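Worksheet: the structure to be examined is printed underneath.
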Amino acid sequence: NSLTILLVSISISTTLLSSGINAEYGEKEEDGNTEKMKPVRDMESEFQRVIMQSSDPSEVLKFLDSSSPSFIDIELQSLAPMDGGSHELVEKFLDFLLSGLQLRSNYDMVQAYLAVFLKYNRKYLIETRSLHDKLRNLKSLHSDTWTDLQLKIQECLCVTNFLKNATL
């Protein structure tokens, strides 16, 4: 897994260098002149714009649903400030997760995004005390939602067993 990340990193660096962009300084070299550009890590992605501008979690969910798994993986990796994102992006994504759980729909998708988000950003979340209240709310809501889902599954199993036994 780390070898794959290393290879992708080398591939991206090679692509950036061959196009004349210095990834470390965000400069573009043209005919010996150096043109200042925005640093590569500071460029806002479409995903980041959707999170920042959308107040409706279904819009973010629709955007994520139409995206590829690798795109989602990369975008969730880059939410924290040390990876090119910002504190506000992390906070907005946590708000999206909370809203998604409150809607009680698409639980599996929200759960998958939560798992990937925590995988890449857990260190930042632990170190940032201002996010701890949101994380507590997320944990509580996640537990409540899971309990409700388990009850519904159990109810469906009971009805299925009843119908199965009633027809015999």
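Per the working numbering, the very first residue in the sequence shown carries number 830; after that it's consecutive. C-beta atoms are modelled at their ideal positions from N, C-alpha and C, and glycine is treated no differently. Remember, it's a predicted structure, so these values are computed and weren't measured experimentally.
What is the DSSP secondary structure of residue i, reduced to helix, strand or coil?
i: D885; result: coil
i: R878; result: helix
i: L908; result: coil
i: S897; result: coil
i: K857; result: Only weak support exists for where K857 lies, its pLDDT of 45 falling under 50; the value from the coordinates is given anyway. If DSSP states are grouped into helix, strand and coil, K857 belongs with the strands.
What is the C-beta distance between residue i and residue j, in whole angstroms, given that I count them as a contact (C-beta under 8 Å)?
i: P886; j: S915; result: Actually they do not touch by this definition, with Cβ atoms about 19 Å apart.
i: L930; j: H971; result: 6 Å
i: V919; j: Y949; result: Rounded, the Cβ-Cβ distance is 11 Å, inconsistent with contact.
i: D912; j: V945; result: About 13 Å; that fails the 8 Å criterion.
i: V939; j: L926; result: 6 Å
i: S897; j: V889; result: Not really, about 16 Å apart at Cβ, beyond 8 Å.
Within this structure, are the beta carbons of residue i and residue j separated by less than 8 Å?
i: I880; j: F922; result: yes
i: T976; j: Y936; result: no
i: Y942; j: L893; result: yes
Applying the criterion that 16 or more other CB atoms from any shown protein chain within 10 Å of the CB defines a buried residue, is residue i buried or exposed?
i: L986; result: exposed
i: A995; result: exposed
i: R980; result: The residue asked about is misnamed: residue 980 is Leu in this sequence, not Arg. L980 should be labelled exposed.
i: Q877; result: buried
i: L967; result: buried
i: L992; result: exposed
i: T989; result: exposed
For the ligand NAP, is there a heavy atom less than 7 Å away from the beta-carbon of residue i?
i: F900; result: Within the structure as shown, the ligand NAP is missing, as the structure has no ligands at all.
What alpha helix (DSSP H) runs, 4 residues minimum, are completely inside the region 914-984?
Runs of the alpha helix (DSSP H) inside the region 914-984: 916-932 and 936-956.
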